[in-house]
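Worksheet: the structure to be examined is printed underneath.
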Amino acid sequence: MFEEAQYFAPVAAQEDGSVVVELASSHPGFADPVYRARRNAIAALALNHRPGTPIPAAEYTEQEHQVWAAVTRELAVKHAKYATAEYLAGAERLGLPHERIPQLEEVSRLLEPLTGFRYLPAAGLVPLRDFYGVLADGFFHSTQYIRHHSVPFYTPEPDVIHEVVGHANALASDRYAALYRLAGQAARRVESEEALEFVSKVFWFTLEFGVMREAGELRAYGAGILSSYGEIEEFRGMDIRSLDLAAMGTTEYDITKYQDVLFCAESLEHLEDVVGGFWATCDDDTIAKLAASRI
Numbered sequence: 165m166f167e168e169a170q171y172f173a174p175v176a177a178q179e180d181g182s183v184v185v186e187l188a189s190s191h192p193g194f195a196d197p198v199y200r201a202r203r204n205a206i207a208a209l210a211l212n213h214r215p216g217t218p219i220p221a222a223e224y225t226e227q228e229h230q231v232w233a234a235v236t237r238e239l240a241v242k243h244a245k246y247a248t249a250e251y252l253a254g255a256e257r258l259g260l261p262h263e264r265i266p267q268l269e270e271v272s273r274l275l276e277p278l279t280g281f282r283y284l285p286a287a288g289l290v291p292l293r294d295f296y297g298v299l300a301d302g303f304f305h306s307t308q309y310i311r312h313h314s315v316p317f318y319t320p321e322p323d324v325i326h327e328v329v330g331h332a333n334a335l336a337s338d339r340y341a342a343l344y345r346l347a348g349q350a351a352r353r354v355e356s357e358e359a360l361e362f363v364s365k366v367f368w369f370t371l372e373f374g375v376m377r378e379a380g381e382l383r384a385y386g387a388g389i390l391s392s393y394g395e396i397e398e399f400r401g402m403d404i405r406s407l408d409l410a411a412m413g414t415t416e417y418d419i420t421k422y423q424d425v426l427f428c429a430e431s432l433e434h435l436e437d438v439v440g441g442f443w444a445t446c447d448d449d450t451i452a453k454l455a456a457s458r459i
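When we follow our numbering, the leftmost residue of the sequence shown carries the number 165, and every step to the right adds one.
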């Protein structure tokens, strides 16, 4: 089952009020005490945040700002070649800074006048229904930390580059933002955990890893592809299938490697009709019938 925070490092609040992010021994920052202390402090900011108040600013090092600058510079080149026109228009409309990591409150101030979306800080795991449900209200849960400087083009977990470069640029598009809201409405409408998982998988294969035919080429609009330095070069060689709600909602995937099965929309209108129409009307019964059709 996918959730946008399912593969985050666990976060634990200690009895003394401190917060500890439990990085795996394989994590690039595991042996870096300075990075680990900053991860703990950033997680504490999110845990202590109260909805309706400004998001506390995370303190980034110059080295971390350099990671943002290097990765976003390289991704911009790849986006020009591989991203959909609607995503590129959203990126231009939003105008994220290139040389430094923007604070989430700053991203919210840029985004809200465009499509009404604002960011909420996430320390770690966000329950599935909560993560998707708030999309209906124009909120997006996001981490604030950035990947370790030793491997700037790799991250074992979604960081601020994924959350902001991948998602905020899409959320600056009226049409993509409308799809996010519809996904949130669907998550609130369905009652069973099975139906919620189905909704989340459709989200995974579209707004996270969706591709689209555009001007005779295969282009990406999914945040997972567009925030990955490596995957964006590989997606055209994957098993590309037509949009299929039953298949997307029931297909298993491995979050630890490049996605080898992708579902392609023939146009943005096609995506809106099929996926937007599904999220706008789905309920437990219609999802159960779709899932049963794959047995």
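Think of the CB as a built atom: it goes at the ideal place given N, C-alpha and C, for glycine as much as any other residue.
Just so you know, these numbers come straight off a predicted model, no measurement behind them.
task = Examine chain C for any beta-carbon lying closer than 8 Å to the beta-carbon of Tyr344, and answer yes or no.
result = Protein chains in the displayed structure number just one, and chain C is not present.
request  = Just mark Glu179 as buried or exposed, buried being the case when its beta carbon has 16 or more other beta carbons within 10 Å.
outcome  = Counting from 1 along the sequence shown, the entry for residue 179 is found at position 15. Exposed.
key: Which listed residue (Glu430, Ala452, Leu335) has its alpha carbon closest to that of Gly380   = Here residue 380 corresponds to residue number 216 of the sequence shown, with the count starting at 1. Closest option to Gly380, Cα to Cα, is Glu430.
message = Please report the distance separating the alpha-carbon of Tyr340 from that of Trp368.
response = Stepping through the sequence shown from its first residue, residue 340 is reached at position 176. Stepping through the sequence shown from its first residue, residue 368 is reached at position 204. Looking at the two C-alpha atoms, the distance is approximately 14 Å.
Proximity winner among Arg458, Asp418, Ser356, Ile396, relative to Asp449 (alpha-carbon distances) = As a first step, residue 449 must be located in the sequence shown, where it is residue number 285. Selected option, being the one with the closest Cα: Ser356.
inquiry  = Beta-carbon within less than 7 Å of Arg352's beta-carbon, same chain only, minus the 5 sequence neighbours each way: which residues are those?
reply    = Reading the sequence shown from its first residue, position 188 is the one you call residue 352. So the qualifying residues of the chain are Gly297, Ala300.
query = Where does Arg311 sit, in a helix, a strand or coil, going by DSSP?
reply = One-based indexing of the sequence shown puts residue 311 at position 147. Coil, per DSSP.
ask   = If you compare alpha carbons, which of Ala240, Pro215, Thr248, Ala233 is closest to Met376?
value = If you number the sequence shown from 1, residue 376 lands on position 212. When each option's Cα is compared against that of Met376, the closest is Thr248.
task = Spell out the partners DSSP gives Arg200 in its beta bridges.
result = The residue given as residue 200 occupies position 36 in the sequence shown. Note: Arg200 sits in no beta bridge, so no partner.
ask   = What is the rounded straight-line gap between the Cα of Ala234 and the Cα of Ala244?
value = Walking along the sequence shown from the start, residue 234 turns up at place 70. Walking along the sequence shown from the start, residue 244 turns up at place 80. Going by the C-alpha atoms only, they are around 16 Å apart.
task = With a 10 Å radius around its C-beta and 16 neighbouring C-beta atoms as the bar for buried, classify Met165 as buried or exposed.
result = For the purposes of this step, residue 165 is taken as residue 1 along the sequence shown, with counting starting at 1. Bear in mind that a pLDDT of 25 at Met165, under 50, signals an unreliable position, so the number given afterwards is only what the model happens to contain. Exposed is the call here.
request  = Just the C-alpha distance for Thr415 and Val439, rounded to the nearest angstrom, thanks.
outcome  = The residue you call residue 415 lines up with position 251 of the sequence shown. The residue you call residue 439 lines up with position 275 of the sequence shown. Going by the C-alpha atoms only, they are around 16 Å apart.
ask   = Near Arg458, which residues of its chain fall below 6 Å by C-beta distance, leaving aside the five closest residues on each side in sequence?
value = The sequence position of residue 458 within the sequence shown is 294, counting from 1. These residues qualify, in order along the chain: Ala410, Thr414.
Segment limits, beta strand (DSSP E) that includes Ala176 = Stepping through the sequence shown from its first residue, residue 176 is reached at position 12. Residues 175-177.
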